[in-house]
Structures are given as structure tokens and as C-alpha cells.
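K.L.:
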Amino acid sequence: MIKIDKKLKIVFQIEIVETLSNIVEVNAENEQEALSKVRDMYRNEEVILYPDDFIDTRFNIFKYD
Numbered sequence: 001m002i003k004i005d006k007k008l009k010i011v012f013q014i015e016i017v018e019t020l021s022n023i024v025e026v027n028a029e030n031e032q033e034a035l036s037k038v039r040d041m042y043r044n045e046e047v048i049l050y051p052d053d054f055i056d057t058r059f060n061i062f063k064y065d
């Protein structure tokens with residue numbers, strides 16, 4: 001009789017999340033207007049985040065069933 005040792009392999013998904021951060025100053029009448037202006041600036045590529053703006057890396061693990 002042959003004995004076979006089978007090790008169960010589990011598949012994991014690892015999410016890598018990098019965080020970039022930069023502070024943008026904008027004149028506005030209220031917070032909503034300020035947020036809207038900066039979102040538009042970001043979408044129009046007037047504000048660009050670069051590798052120098054890096055502040056954190058997180059790894060999240062998920063078991064794949």
C-alpha cells in the first residue's frame with residue numbers, strides 16, 4: 001500500500017493599497033463648494049499626486065473559496 005501525503009493548498013487574494021496624500025488650498029463659501037472645486041481640479045488633472053506624496057501601504061488578505 002502506498003501512502004500519499006497531500007497538503008491542502010488554499011488560495012488567498014492579497015489586496016495592496018497604497019495611500020497618497022496632498023493638501024490643496026482653495027477659496028470657497030462653504031465646505032461643499034470647496035470639496036466640489038478640488039474634486040473638479042483633481043478630475044481635470046490640475047492636481048496630481050506623485051510618488052513623493054506616498055504616506056502608507058496596507059495589505060489586506062482574503063481567503064478565496
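For what it's worth, our numbering labels the leading residue of the sequence shown as 1, then goes sequentially.
A virtual CB, placed ideally from N, CA and C, is assigned to each residue, including glycine.
1. Where does Lys63 fall in DSSP's three states?
2. So, for Val11: in the same chain, excluding its five sequence neighbours on each side, which residues have a beta-carbon less than 6 Å away from its beta-carbon?
3. In the structure shown, what three-state DSSP assignment does Val38 receive?
4. Kindly indicate which residue of Leu8, Val47, Asn22, Lys6 has the alpha-carbon position closest to the one of Asp56.
5. Would you report the Cα separation of Ser36 and Phe54, rounded to the nearest angstrom?
P.N.:
According to the structure shown:
1. Position 63 of the sequence shown, counted from the start, is the residue given in the question as residue 63. Strand.
2. Counted from its first residue, the sequence shown places residue 11 at position 11. The answer, listed in chain order, is Tyr64.
3. Stepping through the sequence shown from its first residue, residue 38 is reached at position 38. Of the three classes helix, strand and coil, the one that applies to Val38 here is helix, per DSSP.
4. In the sequence shown, the residue the question calls residue 56 occupies position 56. Ranking the options by Cα distance to Asp56, first place goes to Asn22.
5. Counting from 1 along the sequence shown, the entry for residue 36 is found at position 36. Counting from 1 along the sequence shown, the entry for residue 54 is found at position 54. Going from the Cα of Ser36 to the Cα of Phe54 covers about 23 Å.
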